[in-house]
Structure formats: C-alpha cells, structure tokens
Amino acid sequence: MSARLSVAITKHLQSRGRSFVLDVTFDAPDEILVIFGPSGSGKSLTLQCVAGLVRPDTGVIRAGDRSMFDAAAGVDVPARYRRIGYLFQDYALFPHLNVMQNIGFSFAQRWPAGLDEQARAKVASMLELFELEGLARSYPGQLSGGQRQRVGLARALIREPALLLLDEPFNALDPLLRDRMRRELVEFGRRFAVPMVVITHDPDDVGALAHEVIVMKEGRVAKHLGVADLPSAADYAPGYRRAVRAILEDATG
Amino acid sequence: MQFSPDVLVPLALTLKVAGSATLLVFIVGVAVAWIMARHDFPGREIVDAMMTLPLVMPPTVLGYYLIVLFGRRGWLGAWIYDTFGWTLMFTWQGAVVAAAVVAYPLVYKAARAAFEGVSAKYENAARTLGASEWRVFAQVTVPLAWRGILAGTMLAFARAMGEFGATLMIAGSIPGKTQTLSIAVYEAVQSGKDSMANFLVVVTSTVCILILAGSGKLLRARQDGA
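The listed protein sequences derive, respectively, from chains X and V. Numbering-wise, my numbering puts 97 at position 97 of the first sequence, and it's gapless, one number per residue. Numbering-wise, my numbering puts 1001 at position 1 of the second sequence, and it's gapless, one number per residue.
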C-alpha cells in the first residue's frame, strides 16, 4: 500500500548570516501524523513545503499517487492545485470577510465574489455541521478562539482536500478548550476521511491525536514512532501523559 | 467676487489635471508598490530611493528634468515630436505629467506600507484554498490594504491640485489651457488683482479641506464597517 504522504526533501535557508538546513524524510499514515519538536526545528517549514508555499531545493513530495514536487523531474504543483488543506496557526481567517464568505472562499472563483446555488447549499451544510449557523454574518474579529478554529476547519474541509495540514492548531486556545477541540478534530478527520499532519510542541497533542509521531530536531527527523511505540493506555489515565512526555523528551535529547 | 469664468475656468482645469494625474499615479503607484513589497531583486533599495525622490526634490528641479525628457528636443520628446508632430510642452497633458510626478511618492509610499502591512498568511491561506495569484491580489491583498492606499491617493490628489513649480516649468501659464488654480493665484498677485487672489485662495483652501475631511470620514467609515 502506498503511503498517503511521502516526503523526502532538503531546503537550505539563509538569513542575516544564520543558516538553517532542513533535511527530512518520512511517510505519513492514513490517519494522523504528529510532527513534534521545539520551535525552530523546521516543523512549519516542512508543512509549508508540503502545501506548496515554500519550494524545497531538492527531493520529492508525493500525496497518494500524485507527484506534488520532484526537483529532478522539474515538477512543482502550485499550492492552489494541490488540494491540500492548511489550518494556519492562528487560523488566518480573512478579516474583511464574514464567516459565510470565509467558508465559501474556495468557491468564489468569479470576481466580484458570488456563490452559485450549489456552493451556497454546501456552505450552509458546513455551517450546520460546525455549529456556526448563528454566526454566518459575523466577522472573525467577533468570534471566540474555538469558533475561529471551527471556521478555519470548515473553510479548509469544504474543498474535500486529500490531506489536511494543521500548524499548532490548539496553541491559540484556552487550555480548558483544548481537550474538547482535540476530540472534535479527530471526529471531523474521520467524518471527512481526510488524513492529517499536525505539528505541535505540546506533548498532550501527541497523546490525544497521534497514530504516528515524528520527532524533529534541528531540521532533521530525530525519531519516527509508530502507535506501538507510544503508551497504549489511552483515556488520559494518570501517568499516561507523563509517559508520552518522557518518550518525546528522550527523542529530542 | 462671484463665480466668474476667471475662477471657474482654472478650477475646472485644476480638477481635470489633478484627477487625471491621480488616476495615473494610482495605477502606476499601486502596481510598483506591490512589486516592491512582495519581490526581492538586486538594486531594490536604489529603486525605492528613486521612487521617493520627488518628495524631497524642489519641484522646479523636477520640472527641469521633465523638460530634458519631454521637451521638443528632449530624449523622449524629440521622438514623440518626430513621430506624432506633437509635444507635451505647454499642454494640459504636460501639467498632468508634472502633477503626477510630484504626487507619485505619496501613493507609492502609502501603498507600499499598506501592502507590507498585509500578513503573508492571508495570501497563503487563499492559495491553499485554490485562489489564483490574481485572485489573491484582488480579493485578499487589495481589500486588506485598501485603507492605506485610499489615504495615499487622497493626499496625492490634494498635492496634485496644489502643484505649482514643475507645472509652470513644463506647461507654463496659459489662461484656459494650462493655468491651474495655484498658478492663477500667482498671476493674480503679480498683477495686483488682490481680491481675485483672495477669492482663488479661499476656493483652493475650501476644496483641499473638503478632500481631507472627506477622506478622513471615508477611512473612519471603513474602520467601523470592517
């Protein structure tokens, strides 16, 4: 079986005399891959390369049976054709568009933006699914953190992407809200049958979400852990989180 | 003094010249500002300095450069004259070019700051949602930068209305043809028509204040609405 996402890339960055080398190789499972690592380890850069927002120097990126990037063959599919959803760190909702217009953005191909019947029905069903009906005409500035995240998810998932990338999805949220949003995320992922790659520096995200984990350090994959390598006792049993933390801390050295 | 042709003719001409110049610098200024804000290339800093130069150079010096460029025997002017039998010198279009050059940095500076203020994450979000580069620009970048661009454009219009030095150099002071309000004021004072000068000054000041007040109101309305 071919992996849903297969990445083997390098990217050399240089700014103000400091240089950073990203050199990562990994395959992602059909469900949720968590990329764990401290800030500056290259997690976001990896995600941006997969999404097509940053061009790697060398290597290959494949999603399903589609080649997204192949330096040797001169393939570099533009971000807009990759069908890869991206949830940005603080969701990056368009501040000048209301909730409905944000969610429907990928349909409004004509200018000035107008939605046809079919697109409008789809937006309405997303509003319902994400419990945002009452907020359809609100602007992002008027929403709570949890609501913003749901709008961001709805906006990315309405395109039925082949893969969903999430950059620190719970960072901007109240700690009390995080557990609930983690459960929601797993549920939406299953519902839309979309594999996900989640980057985080919070070990709790790993415990709650991951089917596989790669631990990144200084631009490289320090460790790739399968579900069997993680403690099995779910349900947030006491000691479970501690055990996950211990494994991750061990991997990051 | 009432609204005689002495006032209405230069006022209409001023609005025509300032309006055309503003449209011109809006298109060029916004395009160049976007390129400068989003692209890196060798010599970028020098280009940026060149684009800002009209802000600090005396208008008469700018006017002189324009003559060198567009005069009948100028670098470009000679070719235009040989090809079309026409010259920019002493025409209202010449006044437009003079006003545009002087007003250009105001649009360019404001638009560049506005584009740089738009976080790249919004543009990237639009790209992952299937938007073409043109759509990213038209539906994300411009709406988010609009306030700053508009403010710069309003200032450019006011500046174009008041243009004097460069306009006089390239277009002269031909009543009904190239004599704008600010030049008419000068001519009135020079020929001792004090009441005429007074009235022209009041008209010019009123129009400028109206523009600034209007732009301020427009900006506040946008802030509340979005």
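All C-beta atoms in this analysis are idealised placements derived from N, C-alpha and C, irrespective of residue type, glycine included.
(1) So, does the CB of X:His96 fall closer than 7 Å to a CB anywhere in chain V?
(2) In three-state terms, what does DSSP make of V:Tyr1065?
(3) Give the secondary structure of V:Lys1193 by DSSP, where H, G and I count as helix, E and B as strand, and everything else as coil.
(4) For X:Arg18, which of helix, strand or coil comes out of DSSP?
(5) From X:Ile35, X:Arg16, X:Asp76 and X:Val99, pick the residue whose C-alpha is nearest to that of X:Glu168; which is it?
(6) At the level of alpha carbons, what is the spacing between V:Lys1016 and V:Val1140?
(7) Under 8 Å, with one C-beta from each stretch per pair, do the stretch 1109-1118 of chain V and the stretch 41-60 of chain X reach the 3-pair mark?
(8) Under 7 Å, Cβ to Cβ, is there at least one residue of chain C near X:Leu5?
(9) Mind checking whether X:Ser39 and X:Lys217 have CB atoms under 7 Å apart?
(10) Report the three-state DSSP secondary structure of V:Leu1076 (helix, strand or coil).
(11) When we look at the beta-carbon of V:Glu1123 and count the other beta-carbons within 10 Å, is it buried (16 or more) or exposed?
(12) Work out the CA separation of X:Ala246 and X:Ala233 for me, nearest whole Å.
(13) Can you name the residues of chain V whose CB is closer than 8 Å to the CB of X:Leu53?
(14) Is V:Phe1157 closer than 7 Å to V:Ala1018 when the C-beta atoms are compared?
(15) Of all Cβ atoms in chain V, is any one closer than 7 Å to the Cβ of X:Phe130?
(16) Between V:Lys1109 and chain X, is any beta-carbon pair separated by less than 7 Å?
(17) Mind listing the chain X neighbours of V:Ala1131? Cutoff is C-beta to C-beta under 7 Å, in chain order.
(18) So, for V:Ser1173: in the same chain, excluding its five sequence neighbours on each side, which residues have a beta-carbon less than 7 Å away from its beta-carbon?
(19) When Cβ atoms are compared, which residues of the stretch 1140-1154 of chain V fall closer than 7 Å to chain X?
(20) Can you look up X:Leu177 in the DSSP assignment and give me helix, strand or coil?
(21) Using a Cβ-Cβ distance under 7 Å, would V:Lys1121 count as near chain X?
(22) Quick one: does X:Phe255 have its CB under 7 Å from some CB of chain V?
(23) If you measure from the beta carbon of X:Arg188 to each beta carbon in chain V, is any gap under 7 Å?
(24) Using 10 angstroms around the beta-carbon of V:Val1068, count the other beta-carbons present and answer buried if the total reaches 16, otherwise exposed.
(25) Under 7 Å between the Cβ atoms of X:His211 and X:Pro29?
(26) How is X:Gly59 classed by DSSP in three states: helix, strand or coil?
(27) Are the stretch 133-147 of chain X and the stretch 74-89 of chain X touching, with three or more C-beta to C-beta distances below 8 Å?
(28) Residues of the stretch 190-221 of chain X in Cβ contact with chain V at a cutoff of 9 Å, in chain order, please.
(29) Against chain V, with Cβ distances strictly below 7 Å, would X:Ala246 count as a contact?
(30) X:Gly42 lies in the beta strand (DSSP E); which residues open and close that run?
(31) Would you say the stretch 196-208 of chain X touches the stretch 113-124 of chain X, given that touching needs at least three Cβ pairs under 8 Å?
(32) Against X:Ile32, what residues of chain V qualify as contacts under a CB-to-CB distance less than 9 Å, listed in chain order?
(33) Could you check how far apart the C-beta atoms of V:Gly1063 and V:Ile1170 are, in whole angstroms? I think they sit under 8 Å.
(34) If you draw a straight line from the alpha carbon of X:Met196 to that of X:Asp229, how long is it in whole angstroms?
(35) Just list the residues that DSSP pairs X:Leu127 with in beta bridges.
(36) I'd like the span of the alpha helix (DSSP H) that includes V:Glu1123, first residue to last.
On the basis of the supplied data:
(1) Taking the first sequence and counting its residues from 1, the one referred to as residue 96 of chain X is at position 96. Contacts with chain V at 7 Å (Cβ-Cβ) include X:His96.
(2) Taking the first residue of the second sequence as position 1, residue 1065 of chain V is located at position 65. Looking at V:Tyr1065 - three-state DSSP - the assignment turns out to be helix.
(3) Position 193 of the second sequence holds residue 1193 of chain V. Three-state result, V:Lys1193: coil.
(4) The residue you call residue 18 of chain X lines up with position 18 of the first sequence. Note: X:Arg18 maps to strand in three-state DSSP.
(5) The residue labelled residue 168 of chain X in the question sits at position 168 within the first sequence. Looking from the CA of X:Glu168, the closest CA among X:Ile35, X:Arg16, X:Asp76 and X:Val99 belongs to X:Ile35.
(6) Residue mapping note: residue 1016 of chain V aligns to position 16 of the second sequence, counting from 1. Residue mapping note: residue 1140 of chain V aligns to position 140 of the second sequence, counting from 1. A straight line joining the alpha-carbon of V:Lys1016 with that of V:Val1140 spans about 32 Å.
(7) With a cut-off of 8 Å, the stretch 41-60 of chain X and the stretch 1109-1118 of chain V do not count as touching, because too few Cβ pairs lie within range.
(8) The structure shown contains no chain C; its protein chains are X and V.
(9) Position 39 of the first sequence, counted from the first residue, corresponds to residue 39 of chain X. Position 217 of the first sequence, counted from the first residue, corresponds to residue 217 of chain X. At the C-beta level, X:Ser39 and X:Lys217 stay beyond 7 Å of one another.
(10) What you label residue 1076 of chain V is simply residue 76 of the second sequence in a count that begins at 1. Coil.
(11) Numbered from 1 along the second sequence, position 123 holds the residue referred to as residue 1123 of chain V. Buried, by the Cβ-count rule.
(12) Along the first sequence, read from residue 1 onward, the residue named residue 233 of chain X stands at position 233. Along the first sequence, read from residue 1 onward, the residue named residue 246 of chain X stands at position 246. With a pLDDT of only 48 at X:Ala233, under 50, the local geometry of the prediction cannot be trusted, and no value is derived from it.
(13) Taking the first residue of the first sequence as position 1, residue 53 of chain X is located at position 53. Within 8 Å Cβ-Cβ: Asn1124, Arg1127 and Thr1128.
(14) Here residue 1018 of chain V corresponds to residue number 18 of the second sequence, with the count starting at 1. Here residue 1157 of chain V corresponds to residue number 157 of the second sequence, with the count starting at 1. Contact flag set, yes.
(15) The sequence position of residue 130 of chain X within the first sequence is 130, counting from 1. For X:Phe130, not one C-beta of chain V is nearer than 7 Å to its own C-beta.
(16) Residue mapping note: residue 1109 of chain V aligns to position 109 of the second sequence, counting from 1. Output row for V:Lys1109: interface = no.
(17) Translated into the one-based positions of the second sequence, residue 1131 of chain V becomes position 131. Using a Cβ-Cβ cut-off of 7 Å, V:Ala1131 is close to Arg80 of chain X, given in chain order.
(18) The residue you call residue 1173 of chain V lines up with position 173 of the second sequence. Around V:Ser1173: Gln1179, Ile1183 and Glu1187.
(19) Within the stretch 1140-1154 of chain V, the residues whose Cβ lies closer than 7 Å to some Cβ of chain X are Val1140, Pro1143 and Leu1144, listed in chain order.
(20) Locating residue 177 of chain X in the first sequence gives position 177, where the first residue counts as 1. X:Leu177 sits in a helix when the DSSP states are folded into three classes.
(21) To locate residue 1121 of chain V, count along the second sequence from 1; it is residue 121. At least one chain X Cβ lies under 7 Å of V:Lys1121.
(22) Residue 255 of chain X lies beyond the range of chain X shown here (1 to 253); nothing can be said about it.
(23) Within the first sequence, numbered from 1, the residue matching residue 188 of chain X stands at position 188. Residue identity check: residue 188 of chain X is Phe in the sequence provided, not Arg. Judged by the 7 Å Cβ criterion, X:Phe188 is not in contact with chain V.
(24) The residue given as residue 1068 of chain V occupies position 68 in the second sequence. Flag for V:Val1068 reads exposed.
(25) Numbered from 1 along the first sequence, position 211 holds the residue referred to as residue 211 of chain X. Numbered from 1 along the first sequence, position 29 holds the residue referred to as residue 29 of chain X. Yes, they are a contact pair.
(26) In the first sequence, counting from the first residue as 1, residue 59 of chain X sits at position 59. Looking at X:Gly59 - three-state DSSP - the assignment turns out to be strand.
(27) No contact exists between the stretch 133-147 of chain X and the stretch 74-89 of chain X.
(28) Listed by position along the chain: nothing, the set is empty.
(29) Here residue 246 of chain X refers to the residue found at position 246 when the first sequence is read from its first residue. In terms of beta-carbon proximity, X:Ala246 stays away from the interface with chain V, with every pair separated by 7 Å or more.
(30) As a position in the first sequence, residue 42 of chain X is number 42, starting the count at 1. Careful: X:Gly42 lies outside any beta strand (DSSP E) and carries neither H nor E.
(31) Flag = no, the stretch 196-208 of chain X and the stretch 113-124 of chain X do not touch.
(32) If you number the first sequence from 1, residue 32 of chain X lands on position 32. Neighbours of X:Ile32 on chain V: none; closest Cβ ~19 Å, over 9 Å.
(33) Taking the first residue of the second sequence as position 1, residue 1063 of chain V is located at position 63. Taking the first residue of the second sequence as position 1, residue 1170 of chain V is located at position 170. Right, the Cβ-Cβ distance comes to about 5 Å (below 8 Å), so this counts as a contact.
(34) Counting from one through the first sequence, the residue named residue 196 of chain X turns up at place 196. Counting from one through the first sequence, the residue named residue 229 of chain X turns up at place 229. Distance between the alpha carbons of X:Met196 and X:Asp229: 19 Å.
(35) As a working note, residue 127 of chain X is residue 127 in the first sequence. Beta-bridge analysis with DSSP links X:Leu127 to no other residue.
(36) In the second sequence, counting from the first residue as 1, residue 1123 of chain V sits at position 123. Going by DSSP, V:Glu1123 is part of the alpha helix (DSSP H) stretching over Ala1120 to Thr1128.
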